[in-house]
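What follows is one structure encoded as structure tokens, with my remarks underneath.
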Amino acid sequence: MNKYSIFSLARNAMSHHEKWQRAWRSPSPKKRYDAIIVGGGGHGLATAYYMAKEHGMRNIAVLEKGWIGGGNTGRNTTIVRSNYLWDEAAQLYEKSMKLWEGLSQDLNYNVMFSQRGVYNLGHTLQDMRDIQRRVNANRLNGVDGEVVDAAELQKRIPHLNCSPDSRYPVLGASFQARGGTARHDAVAWGFARAADNLGVDIIQNCEVIGFRRENGEIQGVETSQGYIESPKVGVVTAGSSSVLANMAGLRLPLESHPLQAFVSEPIKPILDTVVMSNAVHGYISQSDKGDLVIGAGIDSYNGYGQRGSFTTIEHTMTAIMELFPIFSRVRMNRQWGGIVDTCPDACPIISKTDIKGLYFNCGWGTGGFKATPGSGWVFAHTVANDNPHELNAAFALDRFISGALIDEHGAAGVAH
Numbered sequence: 012m013n014k015y016s017i018f019s020l021a022r023n024a025m026s027h028h029e030k031w032q033r034a035w036r037s038p039s040p041k042k043r044y045d046a047i048i049v050g051g052g053g054h055g056l057a058t059a060y061y062m063a064k065e066h067g068m069r070n071i072a073v074l075e076k077g078w079i080g081g082g083n084t085g086r087n088t089t090i091v092r093s094n095y096l097w098d099e100a101a102q103l104y105e106k107s108m109k110l111w112e113g114l115s116q117d118l119n120y121n122v123m124f125s126q127r128g129v130y131n132l133g134h135t136l137q138d139m140r141d142i143q144r145r146v147n148a149n150r151l152n153g154v155d156g157e158v159v160d161a162a163e164l165q166k167r168i169p170h171l172n173c174s175p176d177s178r179y180p181v182l183g184a185s186f187q188a189r190g191g192t193a194r195h196d197a198v199a200w201g202f203a204r205a206a207d208n209l210g211v212d213i214i215q216n217c218e219v220i221g222f223r224r225e226n227g228e229i230q231g232v233e234t235s236q237g238y239i240e241s242p243k244v245g246v247v248t249a250g251s252s253s254v255l256a257n258m259a260g261l262r263l264p265l266e267s268h269p270l271q272a273f274v275s276e277p278i279k280p281i282l283d284t285v286v287m288s289n290a291v292h293g294y295i296s297q298s299d300k301g302d303l304v305i306g307a308g309i310d311s312y313n314g315y316g317q318r319g320s321f322t323t324i325e326h327t328m329t330a331i332m333e334l335f336p337i338f339s340r341v342r343m344n345r346q347w348g349g350i351v352d353t354c355p356d357a358c359p360i361i362s363k364t365d366i367k368g369l370y371f372n373c374g375w376g377t378g379g380f381k382a383t384p385g386s387g388w389v390f391a392h393t394v395a396n397d398n399p400h401e402l403n404a405a406f407a408l409d410r411f412i413s414g415a416l417i418d419e420h421g422a423a424g425v426a427h
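My numbering puts the first residue of the sequence shown at 12, with every later residue one more than the last.
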């Protein structure tokens, strides 16, 4: 480090952030945009970024009712994987995985993507049959996958409880080496800065409170900062999607649930991968800071509260203790909740609607974070061209009428 870098570092350190360059602008909304994205989470920001980058649209606004990264983007457990069962889901998540692998370079922002691998444990003979089926299906779709037996698993993860006398004996696991984790806040910040650099207006504290439509076409949105006109509106508001749909006169096949997560006090590095178990209903990884990042299933009740319930906390701790008894005396540091919207088939809706110019991207359940770049990429194509990309054509809203569902409950993970 030269003397100029040292001086710059010292100057910025003493400025208490006051003189730091803003990562993105804070403009006032224009009266009209060519397209509006409602929701400033990872998916919404990614959509705007790819609309600008891939489709040459510059007059775009992202409207966020709070602050960037204040919703589900910053309230998840950061797991990334693409080992889904059915062709349609696997191909969509694999597109996302490939974007993850070059995302820091593409955004010129370190999203701390760490391909430390993801294990999905099997505890019964049926679990292992399902794992074998899914790994084979993944390989046919060009997605990496491996079946690992209990003896090999014990070598790779020494602290995992693989005792045959445990309540839920571990018989083996599927393993995706390219899976891992990323820093959720950095993903939101990286997409926000990159979109802003391409001319996208990111407008925070701007809540959408209604839609204007005429002759079956969208005209614009009513917001807490006034009316904004646009012929294209893409809604990407995660757990609140059904609320926004209701404002537009639509009813979506969604249920919203609280989803809790926890982090422990920092401890020395002990777990260098991600471990998930549907049977005991828990999953765990260790962050770069040393925290154990823990999650489990959604709360059984419907709701929009960003908090949890004691029964789920107790259940989650029991699950992690079953897998890793060594963590029994580690103290939990904090707990939080997000809101997830789930579809009946555990797959998302990325679709046009019956209102021309109005599009919805929702229903990701607990699979949203891992899909962030891929979701934005296909939704950008859908909004820009008023037509789905082949990767999201199967995730149209009308599949709930035709019956062409994509049942991913088995591979969707713990929390669906």
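Glycine included, each C-beta is placed from N, C-alpha and C at the ideal position. Note that the structure is predicted; figures quoted are calculated from it, not measured.
For residue i, which residues from the same chain have a beta carbon less than 6 Å from its beta carbon, with the 5 sequence-adjacent residues on both sides left out?
i    : result
S115 : N121 and V122
A422 : Y95, L96 and R145
Using 10 angstroms around the beta-carbon of residue i, count the other beta-carbons present and answer buried if the total reaches 16, otherwise exposed.
i    : result
Y61  : buried
L151 : exposed
S413 : exposed
Y130 : buried
T377 : buried
A188 : exposed
A415 : exposed
E401 : exposed
A162 : exposed
S19  : exposed
Y104 : buried
Y370 : buried
Q137 : exposed
N83  : buried
Report the option in the options whose CA atom is closest to the CA atom of residue i.
i    : options                   : result
D409 : H420, L110, I361 and G379 : I361
P38  : I213, V254 and K381       : I213
E266 : T89, A357, C173 and E157  : A357
P359 : G348, P336, G374 and I417 : G374
R69  : I79, K76 and T58          : T58
G319 : R86, G227 and K42         : R86
D283 : S107, S125, E225 and D45  : S125
N372 : V285, I229 and G250       : G250
D176 : G348, R144, G52 and E333  : E333
I71  : G191, I239 and F186       : I239
Q346 : A404, E233 and T88        : T88
D160 : R140, A148, R204 and V154 : R140
V244 : A34, Y44 and R36          : Y44
G52  : E75, P336 and Q32         : E75
R194 : W35, G387 and S296        : S296
T323 : I309, K109 and D138       : I309
Between which two residues does the beta strand (DSSP E) harbouring residue i extend?
i    : result
Y60  : Where Y60 is concerned, there is no enclosing beta strand (DSSP E), although the alpha helix (DSSP H) it sits in stretches over G53 to H66.
T2   : No information on residue 2 is available, as it lies outside the stretch 12 to 427 that the chain covers here.
G156 : No beta strand (DSSP E) holds G156; DSSP gives it neither H nor E.
T234 : E228 to T234
K363 : I360 to K363
Q32  : Per DSSP, Q32 belongs to no beta strand (DSSP E) and is neither H nor E.
D352 : M343 to T353
E240 : G237 to E240
Could you give the residue range of the alpha helix (DSSP H) that holds residue i?
i    : result
R140 : L136 to L151
I196 : First, the residue type needs correcting, since residue 196 is Asp and not Ile in the sequence shown. Taken as a continuous stretch (DSSP letters only), the alpha helix (DSSP H) holding D196 covers H195 to N208.
D117 : L114 to L118
V254 : S252 to M258
Between residue i and the rest of its own chain, which residues show a CB-CB distance below 7 Å, the 5 nearest in sequence each way excluded?
i    : result
E65  : A391
Q102 : N152 and L402
H427 : A caution first: H427 carries a pLDDT of 49, below 50, which makes its placement in the model unreliable, though a value can still be read off. Here the set comprises T353, A357, G376, T377 and H420.
D196 : G80 and G85
W35  : A203, R204, D207 and I213
Per DSSP, what kind of secondary structure is residue i in: helix, strand or coil?
i    : result
S174 : coil
K300 : coil
P384 : helix
H326 : helix
F335 : coil
W375 : strand
Y130 : strand
G190 : coil
Q215 : coil
Q271 : strand
R318 : coil
G183 : strand
H427 : With a pLDDT of 49 at H427, under the threshold of 50, the modelled position of this residue cannot be trusted, and the question is left open.
I168 : coil
R223 : strand
G414 : coil
M123 : coil
L103 : helix
W111 : helix
A407 : coil
G72  : Residue identity differs from the one stated: residue 72 is Ala in this sequence, not Gly. In the structure shown, A72 sits in a strand (DSSP, three-state: E or B).
E163 : helix
Please list, in chain order, all residues of the same chain as residue i whose beta carbon is under 8 Å from its beta carbon, the five residues on each side excluded.
i    : result
A330 : S288, V291, H292, G293 and A307
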